[in-house]
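Peer 1: Below you'll find the structure I mean.
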Amino acid sequence: MRRLFSHPSLAIGLIATLSFLAIGVLSLVWTPFPIEQINIPRRFLGITPEHWLGTDNLGRDMASLVMSGTWTSFLVAAIAVIIGMGVGVPLGLAAAAWGGPVEWLVLRLSDFIFAFPAIIVAILITALVGPGASNAIVAIGIFNIPVFARVARGGALSVATLDFVAAGRLAGLGNAMIAWRHLLPNIMSLLIVQGTIQMSLGILSEAGLSYIGLGTQPPATSLGLMLKDAQGLFLIHPWLTLVPGMAIVLIVIALNIAGDGLRDALDPRLRQENPNVLA
Amino acid sequence: MSLLEVSGLSIRFGANEVVSGMSFAIERGERFGIIGESGSGKTLTSLAIMGLLPDGAAMEGTIMLDGARLPRLEREMARLRGKRIGMVFQEPMTALNPLMRVRNQIAEAIRLNIEDSETQVEVPRLLDEVGLELQHGDRFPHQLSGGQRQRVMIAIALASRPDMLIADEPTSALDLITQRKVLDLIAEICARRQMALLFISHDLKAVARLCTRVAVMHRGKLVETGEARQVFSAPQQDYTQKLVAASRFEVRPQDRPAIGRTLLEVDGVTLDYRQNGFLFWAAKPLRAVDAVRFSVAQGECLALVGPSGCGKTTLAKIIVGLDRATVGAVRLEGVSYHGSDLPKALRRDISLVFQDPFGSFNPRLTIGDSLGEPLRLEPGLTQADVKARLIEAVQAVGLHEEMLDRYPHEFSGGQRQRLAIARALVTRPKLLVLDEPVSALDVSVRGEVLALLARLQAEFGLTYLIISHDLDMVAAMADRVLVMEAGKIVEEGRPEQIFAAPQHRLTRDLVAARLPDIGAAPSSP
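Protein chains in written order, with our numbering: chain A, 4 to 282; chain B, 3 to 527.
The structure is reproduced here in structure tokens:
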């Protein structure tokens with residue numbers, strides 16, 4: 004744990020990410036105002052003691068909207084990462100452990116999925132079952148699968164050349180056991196780092212999907228939806244666009260810094276514990 | 003006045019002092035060797051002289067070249083590095099630019115250091131001096147062999163006509179025959195050019211071959227320094243004595259069970275690799291192992307020697323069941339298999355000890371978990387049985403049972419190799435295949451590991467198949483030797499007989515490339 008915080012960028016990134024997450028979680032139990040409360044007479048208020056970030060075109064409290072939107076963004080991105088890892092990592096490990104036709108199949112499958120950006124998948128899903136936050140989750144999750152499959156396969160391939168994997172085979176372990184016992188634990192750090200990067204990409208994708216109306220639907224809110232609502236008023240009330248925009252930028256920067264820091268802290272090749280390795 | 007004078011050199015990383023109080027001097031034209039094991043700080047010392055210390059390293063002390071302190075400015079230091087000191091690195095593949103023809107790399111080194119130079123004349127001359135043909139200059143580094151690459155590195159180091167050459171383990175990535183050739187080349191060039199040499203190595207024999215004066219380093223300190231002959235024949239310090247003793251493999255003969263009937267038979271094993279587009283052999287399959295036929299008897303110690311790439315490791319992989327022979331079969335006590343189809347019931351009878359003790363344990367598993375893995379081959383063992391077997395194996399290799407709960411990174415190379423042997427023993431195998439069991443270890447622990455292997459063989463009546471390129475080790479351990487070249491067994495016999503009167507060309511080369519025992523004077527080229 005001390006090692007984690009010896010990297011300043013990791014400490015800053017993690018603290019920033021966790022505070023955004025805390026704000027998001029808080030919105031589940033408490034927001035200054037209910038987000039669905041429309042109050043036309045109080046619209047376009049600037050920053051007031053009552054409304055910390057003002058109100059939007061429908062008189063909703065911006066601070067409450069940002070809190071709630073942050074939660075939506077995190078939730079969508081996190082579940083999408085879990086979907087991507089849950090499907091992609093086993094596929095990648097299988098490709099590395101079995102090789103041959105399995106590997107070919109996994110690689111071609113991931114090429115196939117790579118060919119469809121998240122937006123195309125989202126449009127497809129919307130055409131089938133209608134828009135909604137869960138569609139955004141599925142679309143971004145599917146987009147994450149080949150990313151994790153490739154990272155897992157690449158990492159596992161480099162681990163698989165090491166002697167302890169051969170020792171495992173000598174001990175009669177099958178491919179599945181090799182993947183579970185020897186490959187997965189040794190690529191965990193790689194996957195965690197990739198996970199944070201995909202988190203930030205997921206938050207951006209969610210914002211994008213909501214912005215074009217394929218993601219979260221009112222009365223729920225998300226940062227992308229707030230942008231969409233504010234865009235027609237940008238020249239008159241730029242503040243309404245700036246607040247959710249800045250929130251997205253800050254969350255993504257925080258996640259990226261945390262991801263970089265995690266990579267530095269976890270990657271043994273970059274870690275210099277013992278200077279004697281040089282000699 | 004000495005050419006190079008190092009006094010009170012200390013290098014530290016934070017609070018960790020890795021080199022402390024090094025002082026030595028090198029005269030013009032002198033060949034000076036620094037001996038030390040991994041982690042002794044010998045490479046850092048050479049980097050300090052070149053002004054190439056890594057970030058985060060703090061240096062104290064003075065380094066004088068020709069009576070002048072080394073410049074502090076990076077710009078001047080860079081001029082000096084090129085002009086006065088040449089350096090040859092350990093791994094030539096990473097030291098050469100893969101995208102440049104070697105001729106241009108040598109020409110670049112000349113142009114940078116000598117004004118109005120005639121590279122058209124100089125480059126062929128340098129290539130010739132390091133024993134390369136003119137046409138080698140037109141190749142890219144990956145088209146050259148390891149020895150040729152190292153020759154190119156030497157040519158680059160010589161390009162500026164330096165006063166001193168620093169060679170940091172220049173031969174440890176090369177095989178035995180090439181190693182000898184490169185060492186001879188360095189000796190010859192130093193003598194011809196009257197150039198000083200700072201030679202850094204863990205290999206006492208190589209240092210003894212090249213150097214007239216040596217320094218021994220241990221844990222960042224200079225332990226002993228003196229004339230090479232004196233240091234090697236009458237070492238004064240305990241550590242030096244231990245090193246010198248360890249470099250002469252003396253495995254005491256033990257009472258061993260008599261050699262019994264045939265245990266393993268290799269019958270015409272051939273392995274072809276299909277390969278797509280590699281250099282000239284684009285379509286033709288590569289025959290890694292070619293109709294190999296031999297047998298190992300119960301309780302015997304058979305050695306398989308050969309240069310790198312001759313297929314000896316591939317053959318070992320087939321025998322232990324990691325790879326599959328294209329043609330031919332292996333028979334273990336009459337049961338025939340082709341490699342990876344080795345029946346599960348037989349897997350416990352064959353174990354493999356890997357070359358690299360650092361890669362052979364999963365860093366995320368405890369030693370106990372790793373060691374217990376092969377016991378899956380024996381169904382029906384209770385938890386207590388497994389525990390007992392693990393303790394038995396760990397104690398057999400002279401380590402303590404508490405180590406089972408620790409993780410691999412807590413152990414040194416020698417301890418890990420002992421643990422690797424323990425893992426190989428845990429299923430009580432009949433045949434132990436040892437792939438270069440000591441070549442990745444420091445000199446001082448090699449002897450210990452070999453003695454351990456000899457003791458275990460006597461104790462448990464084990465059969466060994468040792469794969470190595472180290473003739474000294476083979477001579478000390480083996481009952482019978484097979485020499486392998488390009489996938490074929492070319493010679494077979496008792497070690498004394500093979501090394502005294504080698505028949506095949508390769509065996510003669512190997513025996514000739516053996517470095518003389520230390521204590522003898524370095525022969526002048």
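Don't be surprised by glycine CBs; every beta carbon is placed ideally from N, CA and C. Every value quoted in this text rests on a predicted model; they were computed, and no experiment measured them.
1) Would you kindly work out how many angstroms separate the C-alpha atoms of B/Ala299 and B/Arg289, rounded to a whole number?
2) Which class does B/Glu494 belong to by DSSP, given the choice of helix, strand or coil?
3) If you count every other CB in all the chains shown that lies within 10 Å of the CB of B/Ala17, and 16 or more means buried, which is it?
4) Counting only C-beta atoms, is A/Asn178 closer than 9 Å to chain B at any point?
5) Exposed or buried, which one is B/Gly270 when buried takes at least 16 other CB atoms within 10 Å?
6) Counting beta carbon pairs with one atom in the segment 198 to 215 of chain A and one in the segment 82 to 91 of chain A, are three or more of them shorter than 8 Å?
7) Expressed to the nearest angstrom, what Euclidean distance is found between the alpha-carbon atoms of A/Val124 and A/Leu131?
8) Would A/Asp263 and A/Ser12 qualify as a contact pair, given that the criterion is a beta-carbon distance under 9 Å?
9) Could you check how far apart the C-beta atoms of B/Leu314 and B/Ile469 are, in whole angstroms? I think they sit under 8 Å.
10) Determine the burial state of B/Val337: buried for a count of at least 16 other Cβ atoms within 10 Å of its Cβ, exposed for fewer.
11) Counting contacts by CB-CB distance shorter than 9 Å, is B/Asn570 in contact with chain A?
12) At 3 residues or longer, and completely inside the segment 429 to 484 of chain B: list those beta strand (DSSP E) runs for me, N to C.
13) What three-state label does DSSP hand B/Ser342 in the structure shown?
14) Quick check on A/His301 - is its C-beta less than 9 Å from some C-beta in chain B?
15) Do A/Leu265 and A/Gly355 count as a contact pair if the criterion is CB distance below 9 Å?
16) Please name the residue in A/Leu48, A/Ile195 and A/Ser161 whose C-alpha comes closest to that of A/Leu258.
17) With H, G and I counted as helix, E and B as strand and the rest as coil, what does DSSP make of A/Ala174?
18) Between B/Ile87 and B/Met52, is the Cβ-Cβ spacing less than 9 Å?
19) Under 8 Å by Cβ, that's how I've got B/Ala460 and B/Arg258 pegged, so tell me the actual separation to the nearest angstrom.
20) DSSP state of B/Asn18, grouped into three classes?
21) Fully enclosed by the segment 204 to 246 of chain B, which alpha helix (DSSP H) runs are 4 residues long or longer?
22) Alpha carbon to alpha carbon, what distance is there between B/Pro164 and B/Gln122?
23) Whose CA, out of B/Gly228, B/Glu302, B/Pro359 and B/Lys207, lies closest to the CA of B/Ile261?
24) Output yes or no for whether 9 Å exceeds the beta carbon distance between B/Ile28 and B/Leu6.
25) Exposed or buried, B/Pro381, counting other C-beta atoms within 10 Å across all chains shown (16 or more means buried)?
26) To the nearest angstrom, report how far apart A/Phe119 and A/Met88 are at their CA atoms.
27) Nearest CA to the CA of B/Ile13: which residue from B/Ser40, B/Thr47 and B/Ile36?
28) How would you list, in chain order, the residues of chain D whose beta-carbon sits under 7 Å from the beta-carbon of A/Leu269?
29) Could you tell me the distance, in whole angstroms, from the CA atom of B/His506 to the CA atom of B/Glu493?
30) If you follow the alpha helix (DSSP H) that B/Arg275 is part of, which residue opens it and which one closes it?
31) Spatial neighbours of B/Val305 within its chain, please: CB distance less than 6 Å, with the 5 preceding and 5 following residues excluded, ordered by chain position.
32) Take the Cβ of B/His144 as the centre, count every other Cβ of all protein chains shown within 10 Å, and call the residue buried at 16 or more, exposed below.
33) For my contact list, B/Phe2 and B/Ala169 are in at a C-beta cut-off of 8 Å; report their separation, rounded to the angstrom.
34) Taking Cβ-Cβ distances below 9 Å as the criterion, which residues of the segment 179 to 196 of chain B are in contact with chain A?
35) Less than 8 Å between the CB atoms is what I'm expecting for B/Val225 and B/Thr242, so what's the real figure, rounded?
36) Looking at the strands, I want to know which residues DSSP matches up with B/Glu487.
Peer 2: Checking against the coordinates, here is how it stands:
1) Position 297 of the second sequence, counting from 1, holds the residue named residue 299 of chain B. Position 287 of the second sequence, counting from 1, holds the residue named residue 289 of chain B. Straight-line Cα distance between these residues: approximately 27 Å.
2) To locate residue 494 of chain B, count along the second sequence from 1; it is residue 492. Note: B/Glu494 maps to strand in three-state DSSP.
3) Your numbering for residue 17 of chain B matches position 15 in the second sequence. Classification for B/Ala17: exposed.
4) The sequence position of residue 178 of chain A within the first sequence is 175, counting from 1. Judged by the 9 Å Cβ criterion, A/Asn178 is not in contact with chain B.
5) Counted from its first residue, the second sequence places residue 270 of chain B at position 268. Result: exposed.
6) Counting Cβ pairs under 8 Å, three or more are found: they touch.
7) Along the first sequence, one-based indexing puts residue 124 of chain A at 121. Along the first sequence, one-based indexing puts residue 131 of chain A at 128. Rounded to whole angstroms, A/Val124 to A/Leu131 spans 11 Å at the Cα level.
8) Looking up residue 263 of chain A in the first sequence gives position 260. Looking up residue 12 of chain A in the first sequence gives position 9. If you check the CB distance, A/Asp263 and A/Ser12 come in under 9 Å.
9) Translated into positions along the second sequence, residue 314 of chain B becomes position 312. Translated into positions along the second sequence, residue 469 of chain B becomes position 467. This sequence places Lys at residue 314 of chain B; Leu is not what is there. At roughly 5 Å, the Cβ-Cβ gap stays under 8 Å, so B/Lys314 and B/Ile469 are in contact.
10) Here residue 337 of chain B refers to the residue found at position 335 of the second sequence. Under this definition B/Val337 is an exposed residue.
11) Summary: the structure shown does not reach residue 570 of chain B, with chain B confined to residues 3 through 527, and so no result is reported for it.
12) You should have 433 to 437 and 465 to 470.
13) Mapped onto the second sequence, residue 342 of chain B falls at position 340. DSSP places B/Ser342 in coil when its eight states are reduced to three.
14) Missing from the structure shown is residue 301 of chain A; chain A here goes from 4 to 282 and no further.
15) As shown, chain A starts at 4 and ends at 282. That puts residue 355 of chain A outside it, with no answer to give.
16) The residue you call residue 258 of chain A lines up with position 255 of the first sequence. The residue from A/Leu48, A/Ile195 and A/Ser161 with its alpha-carbon nearest to that of A/Leu258 is A/Ile195.
17) The count along the first sequence starts at 1 and reaches residue 174 of chain A at position 171. Residue state, collapsed to three classes: coil.
18) Against the second sequence, residue 87 of chain B aligns to sequence position 85. Against the second sequence, residue 52 of chain B aligns to sequence position 50. Closer than 9 Å, so yes.
19) The sequence position of residue 460 of chain B within the second sequence is 458, counting from 1. The sequence position of residue 258 of chain B within the second sequence is 256, counting from 1. So it is a contact: roughly 5 Å between Cβ atoms.
20) Reading the second sequence from its first residue, position 16 is the one you call residue 18 of chain B. It is a strand residue.
21) The segment 204 to 246 of chain B contains these whole alpha helix (DSSP H) runs: 206 to 212 and 230 to 235.
22) By one-based count along the second sequence, residue 122 of chain B stands at place 120. By one-based count along the second sequence, residue 164 of chain B stands at place 162. One alpha carbon belongs to B/Gln122, the other to B/Pro164, and they sit about 20 Å apart.
23) The residue given as residue 261 of chain B occupies position 259 in the second sequence. Among B/Gly228, B/Glu302, B/Pro359 and B/Lys207, the Cα nearest to that of B/Ile261 is on B/Glu302.
24) The sequence position of residue 28 of chain B within the second sequence is 26, counting from 1. The sequence position of residue 6 of chain B within the second sequence is 4, counting from 1. Their beta carbons are under 9 Å apart, which means B/Ile28 touches B/Leu6 by this criterion.
25) Position 379 of the second sequence, counted from the first residue, corresponds to residue 381 of chain B. Burial is judged here by how many other beta carbons sit within 10 angstroms of a residue's own beta carbon; B/Pro381 has fewer than 16 and is exposed.
26) On the first sequence, residue 119 of chain A is found 116 positions in, with the first residue counted as 1. On the first sequence, residue 88 of chain A is found 85 positions in, with the first residue counted as 1. Distance between the alpha carbons of A/Phe119 and A/Met88: 18 Å.
27) Against the second sequence, residue 13 of chain B aligns to sequence position 11. Nearest of B/Ser40, B/Thr47 and B/Ile36 to B/Ile13, Cα basis: B/Thr47.
28) Here chain D cannot be found, since the structure's protein chains are A and B.
29) Translated into positions along the second sequence, residue 506 of chain B becomes position 504. Translated into positions along the second sequence, residue 493 of chain B becomes position 491. Taking the CA atoms as reference points, B/His506 sits about 7 Å from B/Glu493.
30) Here the question's residue 275 of chain B lines up with position 273 in the second sequence. The question names Arg, but residue 275 of chain B in the sequence shown is Tyr. No alpha helix (DSSP H) holds B/Tyr275; the beta strand (DSSP E) holding it covers Thr264 to Tyr275.
31) Taking the first residue of the second sequence as position 1, residue 305 of chain B is located at position 303. The sequence given here places Ala at residue 305 of chain B; Val does not occur at that position. In chain order, Ile468, Val476, Ala480 and Val483 place their CB closer than 6 Å to the CB of B/Ala305, counting only its own chain and leaving out the 5 sequence neighbours on each side.
32) Taking the first residue of the second sequence as 1, we reach residue 144 of chain B at position 142. Exposed.
33) In the structure displayed, chain B extends from 3 to 527; residue 2 of chain B sits before or after that span and is not available.
34) Cβ contacts with chain A come from no residue of the segment 179 to 196 of chain B.
35) The residue you call residue 225 of chain B lines up with position 223 of the second sequence. The residue you call residue 242 of chain B lines up with position 240 of the second sequence. Under the criterion of beta carbons closer than 8 Å, B/Val225 and B/Thr242 qualify as touching, at roughly 6 Å.
36) As a working mapping, residue 487 of chain B is identified with position 485 in the second sequence. Per DSSP, B/Lys490.
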